[in-house]
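**Student:** Under the working numbering, the first residue of the sequence shown is numbered 809, with each subsequent residue one higher. We treat Cβ as the ideally placed atom computed from N, Cα and C, and that holds for glycine.
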Amino acid sequence: MLPPIAVVIPIYILFQRLHLLDTYTALIITYVVSNLPIVVWLMRDYISTIPIELEECAAIDGASRYRIFWSVVLPLAIPGLVATFLFVLVFTWNEYLLALFLSSANSQTLPLVIAAQNATRGPQWWNMSVLILIMIVPVIVIAIVLERYITRGLLIGAVKG
809 MLPPIAVVIP
819 IYILFQRLHL
829 LDTYTALIIT
839 YVVSNLPIVV
849 WLMRDYISTI
859 PIELEECAAI
869 DGASRYRIFW
879 SVVLPLAIPG
889 LVATFLFVLV
899 FTWNEYLLAL
909 FLSSANSQTL
919 PLVIAAQNAT
929 RGPQWWNMSV
939 LILIMIVPVI
949 VIAIVLERYI
959 TRGLLIGAVK
969 G
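#1: On the criterion of 16 or more Cβ atoms from any shown chain inside 10 Å, does Ser842 qualify as buried, or is it exposed?
#2: Ignoring anything shorter than 4 residues or poking outside the region 828–888, list the alpha helix (DSSP H) runs there in chain order.
#3: Answer yes or no: do Leu835 and Leu939 have a C-beta to C-beta separation smaller than 9 Å?
#4: Tell me which same chain residues have a C-beta within less than 6 Å of the C-beta of Lys968, skipping the five on either side of it?
#5: Please report how far the alpha carbon of Ile860 lies from the alpha carbon of Val847, in whole angstroms.
#6: Where does Ala907 land, buried or exposed, given buried means 16+ other C-beta within 10 angstroms?
#7: Can Ile855 and Ala867 be called in contact, C-beta distance under 9 Å?
#8: Give me the Cα-Cα distance between Asn914 and Gln932, rounded to the nearest whole angstrom.
#9: Go ahead and pull the three-state DSSP assignment for Gln824.
#10: Among the residues of its own chain, which have a CB less than 6 Å from the CB of Tyr839, if the five just before and after it don't count?
#11: Considering only the alpha carbon of each residue, which of Cys865, Glu864, Leu884 lies closest to Thr857?
#12: So, helix, strand or coil for Cys902, using DSSP?
#13: Assuming Met943 and Gln925 make a contact with CB atoms under 8 Å, what is their CB distance in whole Å?
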């Protein structure tokens, strides 16, 4: 994974040639591609902790590979998926540099709006506090809603022996 400053100019040139500059599509593609390695790394480590015995038991009972994945592995991987989702959400939600170079007033993200608010009129603490609260509340609500999946995953899937 490269630092964003190392890849921002090639990404800018690529999206300029594809006529995607200053669109949310460019930001979405960039965030997906930049976060994919960390998602694969985290999920690979989490799925490797799921006991192979559960898959073997399902195979002995006649389940296909798809059925084993959907019925055994995926339910046990939900806590890892939720934790990875929250990690990537916070990372992407707070990202500043790529959004600064790939967007303008048409497709600004909240960190850019907060920085512009501070730069144009100086630090107006009331406005900045409201913007920061608007930025924090969705992440907290999503984390609270998904917390039960993380704790549920800690309690299921125990293998004896």
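**Tutor:** Well, looking at it:
#1: The residue given as residue 842 occupies position 34 in the sequence shown. Burial call: buried.
#2: 832–855, 860–868, 873–876
#3: Looking up residue 835 in the sequence shown gives position 27. Looking up residue 939 in the sequence shown gives position 131. Their beta carbons are not under 9 Å apart, which means Leu835 does not touch Leu939 by this criterion.
#4: Counting from one through the sequence shown, the residue named residue 968 turns up at place 160. The predicted model places Lys968 with a pLDDT of 49, which falls under 50 and marks its position as unreliable, so this point remains unresolved.
#5: Stepping through the sequence shown from its first residue, residue 860 is reached at position 52. Stepping through the sequence shown from its first residue, residue 847 is reached at position 39. Taking the straight line joining both Cα atoms gives about 22 Å.
#6: Start at 1 with the first residue of the sequence shown, and residue 907 comes out as number 99. Ala907 is buried by the Cβ-count criterion.
#7: Taking the sequence shown and counting its residues from 1, one reaches residue 855 at position 47. Taking the sequence shown and counting its residues from 1, one reaches residue 867 at position 59. Against a cut-off of 9 Å, the Cβ pair of Ala867 and Ile855 comes out as no contact.
#8: Mapped onto the sequence shown, residue 914 falls at position 106. Mapped onto the sequence shown, residue 932 falls at position 124. So the two alpha carbons sit approximately 23 Å from each other.
#9: By 1-based counting over the sequence shown, the position of residue 824 is 16. Helix, per DSSP.
#10: As a working mapping, residue 839 is identified with position 31 in the sequence shown. Only Thr900 meet the Cβ criterion.
#11: Within the sequence shown, residue 857 is the residue found at index 49, counting from 1. Here the closest residue by C-alpha is Leu884.
#12: Locating residue 902 in the sequence shown gives position 94, counting from the first residue. The sequence shown places Asn at residue 902, not Cys. Looking at Asn902 - three-state DSSP - the assignment turns out to be coil, as it is neither helix nor strand.
#13: The residue labelled residue 943 in the question sits at position 135 within the sequence shown. The residue labelled residue 925 in the question sits at position 117 within the sequence shown. No, Met943 and Gln925 are not in contact; Cβ-Cβ is about 12 Å, not under 8 Å.
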